[in-house]
Every structure is written in structure tokens, then in C-alpha cells.
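Written out below as C-alpha cells is the structure these notes cover.
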Amino acid sequence: MTRPRIYQLFLRVFGNPRSTNAWAGDIETNGCGRFSSVDHRAVRYLRELGITHVWLTGVIRHATVTSHPGLPGDDPDVVKGRAGSPYAIKDYYDVHPDLADDPSRRRDEFRALLDRLHDGGLTVLLDFVPNHVSRAYAGTVFPERDFGRDDDTSVFFSPRNDFFHLVEPPGQRLHIRAPDHWRVPGTDGRFALEDGGGGRTPRATGNNQTSVVVGPQDWYETVKLNYGYNFVDNHCAFHPRPLLWDKMDAILAYWQQQGVDGFRCDFAHWVPVEFWSFVTTRARQRRPETYFLAEAYDDGHGNPLPGTPPGTSVERLITLGGFDAVYDHVSFNVTRQVASGVSWANDLDARRHPTLADRYCRYAENHDERRAASPVVPNGGPGDTGYGSPTAGLAASASLFLSSGAPLLFYAGQELGEDGAGNEGFGGEDGRTSIFDYWSPPLLRALHRAGYDVTSLPPGPRHVVQHYAQLIALAAEPVFSTSAKHVPLNPANQEHASFGDHGHWVHAFLRVTTTSAVLVAVNLHSTESQRTRIRIPREALREAFPGSARMLEARSRIGSASHVVMPLRQVSTEGLPVVLTPSSYEVFALTSS
1 MTRPRIYQLF LRVFGNPRST NAWAGDIETN GCGRFSSVDH RAVRYLRELG
51 ITHVWLTGVI RHATVTSHPG LPGDDPDVVK GRAGSPYAIK DYYDVHPDLA
101 DDPSRRRDEF RALLDRLHDG GLTVLLDFVP NHVSRAYAGT VFPERDFGRD
151 DDTSVFFSPR NDFFHLVEPP GQRLHIRAPD HWRVPGTDGR FALEDGGGGR
201 TPRATGNNQT SVVVGPQDWY ETVKLNYGYN FVDNHCAFHP RPLLWDKMDA
251 ILAYWQQQGV DGFRCDFAHW VPVEFWSFVT TRARQRRPET YFLAEAYDDG
301 HGNPLPGTPP GTSVERLITL GGFDAVYDHV SFNVTRQVAS GVSWANDLDA
351 RRHPTLADRY CRYAENHDER RAASPVVPNG GPGDTGYGSP TAGLAASASL
401 FLSSGAPLLF YAGQELGEDG AGNEGFGGED GRTSIFDYWS PPLLRALHRA
451 GYDVTSLPPG PRHVVQHYAQ LIALAAEPVF STSAKHVPLN PANQEHASFG
501 DHGHWVHAFL RVTTTSAVLV AVNLHSTESQ RTRIRIPREA LREAFPGSAR
551 MLEARSRIGS ASHVVMPLRQ VSTEGLPVVL TPSSYEVFAL TSS
């Protein structure tokens with residue numbers, strides 16, 4: 001199977017031509033990308049970049065303060081930002097009117113986009129957000145299918161309920177405390193549908209919060225969905241099958257009928273693996289090639305995080321839950337903390353599952369994380385720092401993408417060097433492109449204005465995107481696929497100070513197939529060159545070059561014109577000489593004689 005190269009395309013910002021970028025600006029002021037923004041030129045750009053799958057973010061209708069004909073805006077108390085979070089779904093059977101040139105024809109415009117992407121040979125993924133929905137959920141396409149219509153609101157938990165109801169003490173009222181910087185007209189901290197009146201009992205919040213007082217760190221715009229797992233006492237009630245399971249399966253079936261090829265599943269580890277096994281099986285009975293990617297996390301050592309149902313783990317989401325791949329948050333965290341000075345490159349091969357390594361999707365950024373090119377925060381955690389520059393982000397991507405045969409994930413604008421600068425409003429100045437505000441990232445805007453013609457871009461982003469295209473092409477080769485053997489070389493070299501300060505900054509490894517072998521060396525230091533020798537253990541050389549070979553030839557495939565011929569014995573004792581400029585990588589084709 002072709003190695004998936006997934007491009008997360010956040011429609012609200014992709015193709016938005018407006019450059020106003022006012023703080024907390026509305027849609028008329030700051031503009032918004034449209035379905036039509038992803039035209040045939042954009043599809044060609046994605047194909048030429050080397051993308052195989054497009055994950056469309058923000059398509060399904062979510063809560064927003066913006067009004068459209070027949071679709072009034074939502075209470076700003078339960079909307080983050082003016083645009084609203086795409087992970088606070090308002091109607092699972094509708095698409096977002098912000099994205100349509102004519103909101104009354106929004107579903108037709110979405111289907112036309114699907115056709116363009118499919119005509120370009122691209123596989124289309126949509127977000128599936130199973131753990132929670134908007135507090136203001138109210139469907140207009142199939143209102144009779146709305147969640148909670150038949151709930152028993154007198155109990156906190158029942159496997160026949162869709163929500164968790166905060167019934168003790170009776171008469172409680174929801175109170176929302178938004179961030180201090182976010183005070184907009186119409187907010188009073190209350191929400192009429194959960195004011196404690198008759199039938200309006202407050203519900204548990206999406207991040208497993210059971211208090212009626214929710215604050216800035218809570219997912220206060222969402223309510224938790226109930227899959228038969230009581231997250232308070234860890235009780236599971238899956239027989240008979242909870243009603244919500246079939247409701248969610250019907251949602252997936254609907255989007256499959258529309259032509260969607262797969263789903264990126266949000267916070268999948270907080271939903272029981274038994275549900276995932278059920279729903280992925282049903283989806284593939286309808287369309288066998290349906291692709292499932294899980295956003296899922298553990299503590300970095302394979303142990304479940306609080307709130308994870310018993311028996312559910314990142315690994316079991318693959319082996320039992322039916323996912324094609326899950327997020328490799330462990331490798332991502334290491335590369336970010338190498339940049340911030342907390343971790344070492346030696347740590348990058350520390351957790352490689354012997355059989356599932358190539359099912360852990362590799363990424364250097366996504367919508368939840370700081371942009372790869374955003375500034376380094378010394379000693380910062382993985383969520384607090386970027387890599388410092390576009391080239392540093394590219395080097396980290398090379399380390400992640402070439403050391404595994406797993407699917408690859410890119411966030412729109414990463415390939416241009418977007419750095420997430422700007423205080424958008426709710427999102428603040430945090431090195432991210434806000435998912436809550438109307439905004440226009442400058443390099444994506446330049447790409448749109450250039451008609452998605454890379455040659456018309458300014459030199460900086462043009463060179464960055466060309467280097468990413470080169471990296472993606474490399475990653476698609478068989479030697480970097482799932483069939484290749486991965487041989488870490490840091491353990492054989494880290495005792496030497498010249499090896500990037502004992503392996504602090506240099507990540508080196510072999511990739512070997514029956515017909516080829518390559519050596520990859522990455523310098524993760526953004527300001528210092530590394531002049532080193534990389535030793536390849538004898539057993540690795542014998543596996544790569546069986547027989548009576550005596551000489552090894554290493555020829556650089558990118559960057560420098562380095563060409564070295566050495567006796568195999570000398571390669572294992574003295575090592576191949578390699579010079580790496582700051583934030584760079586080299587790929588050497590190895591042959592023997």
C-alpha cells in the first residue's frame with residue numbers, strides 16, 4: 001500500500017485572501033476560506049507536493065456566533081472565539097455555512113469540492129469528534145436524530161442516555177468563566193439550556209468535568225457523550241449495546257454516502273475500544289477501504305491517561321479498535337524537546353514497538369500544536385515550544401518521516417514555513433494558527449494569491465516548499481516504507497563527543513531492504529554544524545551487505561556532493577565522515593563491492 005501522506009487542510013484559513021487580521025474580527029472584517037478556495041489549482045498543488053490524503057478540518061457544522069439566513073448565531077458563552085471551535089459540532093449531518101459562497105447551497109458546494117479532490121486522485125478524510133459535541137447542539141438536517149432527546153435527565157449515568165446529567169444537588173445552574181482576555185458582548189457566564197430549570201439540567205463537560213462551574217482550562221463549549229462507560233466510577237455497561245453507538249455509526253454512514261473516504265478521530269482514547277471495534281467494522285462493511293486515523297495519547301510509556309476506559313490503550317486502538325494509524329505523540333514530543341534543550345536525539349528510537357512502529361503516524365505540527373517554525377522556548381515542554389525556524393522544522397520532519405514507514409501528517413502552511421505569529425483574538429499570541437478565530441496566515445494567503453503556483457512565491461517560502469516536496473518524495477520511496485528494516489545508529493555512536501555532543505543533536509539510522517540501503521543523518525541543532533563520523537556496527541553491515549563485500553560506497557543523494565569509499569571494517573571502527581550544517585539532513589545511498 002502507498003504510504004499515506006496526509007495534509008490537514010483547515011478550510012477556514014486555507015484560501016482566505018483577506019489581509020485585515022483585526023483582533024477578534026468577524027467574518028466580514030477578517031474573511032474566511034471557502035470550499036471554492038480549494039480549486040483545481042490547489043488540488044494540483046497538493047498532488048505536486050506529494051500528498052495522497054487530504055484531511056478537511058472544520059467542514060461539519062459547528063457552533064459559532066456568526067449568523068446566516070435561517071441559522072442564527074449561538075450564545076457567545078458557549079462559543080470559543082467568534083468563529084468557534086470546529087470540535088464543537090452543532091449538527092453532525094450538515095456542513096458549515098461559513099465555508100460556502102452561497103450558504104443555502106453549502107452541501108452542494110461541499111460535494112463539488114469532494115469531486116475536485118477525487119478527480120485529482122486524493123483520498124478525503126473528515127473529522128469525527130466522538131467524545132463530545134457543542135453545548136448548543138441542534139440539528140437542522142435530521143433534527144429527530146439529535147442527541148439527548150430521550151435521555152432520562154433524573155440520573156447522572158445510564159447506558160441508554162447520550163449525556164451525563166449533573167443531578168446532584170438538584171436545580172444546579174451552569175456557570176462558565178471564559179479566559180480573562182475574552183470578554184465580548186453578550187457573555188454573562190450563563191447558558192439557558194442548562195440553567196437548572198425543568199428539563200434543563202447541566203451536563204458533564206467534554207473534558208470529563210462534572211462541576212457546574214467550568215473555567216478557561218475546560219472544554220466549556222462542549223458536553224461529554226456517553227458510550228456506556230461511566231468515567232467517574234470506571235463502570236462499563238456495553239450489553240445491550242448503548243444507543244449512542246448506533247447513532248454514531250449512522251453519522252459515519254451518512255458521510256460515507258456523501259463520498260468521504262475516511263475519518264480522523266478526535267481524542268479517540270477517551271472512547272471505549274469496544275465501540276471502535278464495532279464502528280470501524282461497520283464502516284468497512286459499507287466501504288472496505290475506509291481509512292481511520294486516531295488522535296490518541298498515553299503517558300509516553302504505554303500507560304493510559306486518566307479518563308481512558310478500562311481495556312482501551314493506544315496500542316489496542318490499532319490491534320482491536322480497527323485504526324489504520326494513531327498519532328505518534330511520543331516521537332513528536334522528543335523532537336520538540338530536543339529543540340528546547342530538554343531531550344536528546346538519542347531518545348528518538350527509545351520507544352519503537354516491534355510490530356506496530358509503522359502504525360504510529362508521524363507529524364511535526366498540527367492544529368493543536370505550536371507551528372513548527374514558531375520560536376523555541378528554552379526548557380519548554382513539547383506544547384510550549386516550536387523548532388525555531390522553517391529549516392529547523394524541516395530537519396525535525398526529516399528525522400520523524402525518514403526513520404519510520406508510518407503515515408505522515410502535515411498541517412497546511414507547514415510546508416511554507418508559517419510561524420503562527422499574531423494575536424488573533426481568542427487564540428492569543430501562542431505560536432499557533434487559531435482554530436477559534438477568523439484569520440489569514442500570511443504565507444497561505446500568498447500561496448492563494450499566487451494561484452497555488454510555487455514558482456510565483458517569494459524566495460523564502462518557495463525554497464521551503466520545494467525542500468518539503470523533496471522530503472515527501474524521499475519518504476515515499478520503498479526504502480522508507482513499512483517493508484524496510486530500521487537500524488538505529490545512535491547507540492553505536494553516542495559515546496563519542498563529536499557525535500553531536502554524544503547524540504544530543506544528531507539522529508542517525510539505516511534503512512535497509514533486500515535491494516537497497518541508505519544512511520540518514522540529521523542535525524537538530526539550529527545554529528551549530530556537526531562534523532562527525534558515524535559508525536555502523538558489523539552486524540548491521542552484514543545484514544545490509546551479505547556475502548564477501550569488503551568496500552562500502554556512500555554517495556549523498558541530497559545537499560552536498562559527498563562521496564566516500566571505505567573498507568567495511570573501517571566503517572564499523574572509524575565511521576563514515578559526515579558534515580551537517582545547522583538544521584539539515586543528509587541521505588547517503590550505500591552500495592558495496
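Read in order, the letters of the sequence shown correspond to residues 1 to 593 in our numbering.
Backbone N, C-alpha and C define an ideal beta-carbon position, used for all residues, glycine too.
Every value quoted in this text rests on a predicted model; they were computed, and no experiment measured them.
Would residue i and residue j be called neighbours here (beta carbons separated by less than 8 Å)?
| i | j | result |
| --- | --- | --- |
| T385 | R370 | yes |
| E295 | A339 | no |
| P240 | P272 | no |
| R41 | Y387 | no |
| E553 | T514 | no |
| R475 | R3 | Note on residue identity: the sequence assigns Ala, not Arg, to residue 475. Yes, the pair counts as a contact, with Cβ atoms nearer than the cut-off. |
| W255 | L126 | yes |
| R362 | S389 | no |
| D218 | Q209 | yes |
| Q172 | V212 | yes |
| F191 | V78 | yes |
| L114 | G259 | yes |
| G73 | R5 | no |
| R61 | C32 | no |
| A138 | D146 | yes |
| Q8 | L443 | no |
| A178 | P216 | yes |
To the nearest angstrom, report how far apart residue i and residue j are at their CA atoms.
| i | j | result |
| --- | --- | --- |
| G189 | Y220 | 11 Å |
| F263 | D324 | 10 Å |
| G58 | T153 | 31 Å |
| Y360 | F163 | 31 Å |
| H132 | L305 | 18 Å |
| R284 | L317 | 16 Å |
| V314 | S277 | 13 Å |
| W55 | T335 | 23 Å |
| Y92 | R149 | 15 Å |
| G428 | V184 | 15 Å |
| S397 | G341 | 17 Å |
| M566 | T573 | 11 Å |
| D246 | D101 | 34 Å |
| D430 | N423 | 8 Å |
| H563 | Q570 | 16 Å |
| N346 | N16 | 41 Å |
| G393 | H467 | 11 Å |
| G70 | E144 | 18 Å |
| D119 | V129 | 27 Å |
| D39 | T222 | 33 Å |
| E168 | T312 | 29 Å |
| A561 | T455 | 25 Å |
| V506 | N490 | 8 Å |
Identify which residue in the options has its Cα closest to the Cα of residue i.
| i | options | result |
| --- | --- | --- |
| L174 | L447, S154 and A204 | A204 |
| S526 | A561, H504 and H463 | H504 |
| G321 | T280, R555, N303 and G302 | T280 |
| G25 | R445, R5, G84 and L49 | G84 |
| S483 | R511, H502, N490 and D501 | R511 |
| T433 | R5, N21 and P491 | N21 |
| G559 | G33, L49, V520 and C32 | V520 |
| F480 | P179, G139, V330 and A357 | A357 |
| S593 | S583, S548 and P577 | S548 |
| H609 | G381, V377 and E168 | Because the chain spans 1 through 593 in this model, residue 609 falls outside it and cannot be assessed. |
| T355 | R445, A406 and H301 | A406 |
| D233 | G307, A253 and F275 | G307 |
| H68 | A469, V95, H53 and G81 | V95 |
| T581 | F238, G121, S36 and A395 | A395 |
Since residue i contacts residue j with CB under 8 Å, what's their CB separation in whole angstroms?
| i | j | result |
| --- | --- | --- |
| R557 | F588 | 7 Å |
| I435 | F157 | No, I435 and F157 are not in contact; Cβ-Cβ is about 31 Å, not under 8 Å. |
| S134 | A88 | 4 Å |
| I534 | A497 | At roughly 14 Å, the Cβ-Cβ gap does not stay under 8 Å, so I534 and A497 are not in contact. |
| Y438 | N30 | 4 Å |
| L225 | L244 | 6 Å |
| S331 | L400 | 6 Å |
Is there a Cβ from chain D that is less than 8 Å from the Cβ of residue i?
| i | result |
| --- | --- |
| P17 | The displayed structure is made up of one protein chain only, and chain D is not part of it. |
| message | Is it the case that the segment 411–421 contacts the segment 363–383, given that we only count it when at least three CB pairs across the two stretches are under 8 Å? | response | yes
| field | Stretch pair the segment 183–202 + the segment 97–107: three plus CB contacts closer than 8 Å | value | no
| Using 8 Å as the Cβ pair cut-off and three pairs as the minimum, do the segment 459–472 and the segment 409–416 touch? | yes
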